[in-house]
Amino acid sequence: MRAPLLLALPLLGLLSACSEPYDPQPLTSTGNATSQIGSAAVAQPLSGAVPTNPFMASNGSSYMHSDGYSSDTHPGPGPLGRDMQTSSRDGSRKPGGMCPIHTFDQQGRLVVLCANLMQFELQLLEPRTLKLLARYPLPPRPSTFHAL
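Start counting the sequence shown at 9; every next residue gets the next number (my numbering).
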């Protein structure tokens with residue numbers, strides 16, 4: 009009887025270390041993009057446009073693939089500047105935590121869908137600092153573990 013209990017104690021310790029809530033923190037780094045060899049890039053846009061899906065946000069700010077058709081084509085310019093900065097944050101201590109889906113609200117704030125092995129959650133972020141403004145845990149769905 010004691011052996012299963014003793015085996016469960018390390019698991020409980022691990023799960024408590026992964027507990028939420030926790031204020032997401034910027035990841036430690038120099039904050040600068042990797043140095044580039046050569047000269048600054050010149051924009052060379054491609055012709056053609058993906059039609060806007062009338063039931064989703066406008067192209068360029070819709071879903072993780074830029075538009076409702078998941079074309080991965082982005083209407084905005086890419087990074088062309090000098091001395092570019094990168095920003096990142098760690099948003100979850102739970103195993104498998106990631107926020108792959110990004111879009112913007114009407115005020116220009118980032119709306120991200122975050123997932124981990126335990127739940128899904130919407131987060132509202134300030135776009136320059138990535139400061140967490142609000143979070144909304146989504147209810148579990150029957151297929152959560154089947155989807156992962």
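We treat Cβ as the ideally placed atom computed from N, Cα and C, and that holds for glycine.
In the three-state reduction of the DSSP assignment, P59 falls in the coil class, being assigned neither a helical nor a strand state.
When rounded, the separation of the alpha-carbon atoms in L133 and T81 is 24 angstroms. Pairing Q114 with A65, the inter-Cα distance amounts to about 10 angstroms. When only Cα atoms are considered, P62 and C122 end up about 25 angstroms apart. Buried is the label assigned to M126, since at least 16 other Cβ atoms lie within 10 Å of its Cβ. The DSSP-derived three-state label of M64 is coil. Inclusion of P135 and L146 in the CB contact set at 8 angstroms is not warranted, their separation being larger than that value. Taking all protein chains in view, the Cβ of S55 is surrounded by fewer than 16 other Cβ atoms within 10 Å, so the residue is classified as exposed.
Nearest to Y77 by alpha-carbon distance, out of T60, P87 and L88, is T60.
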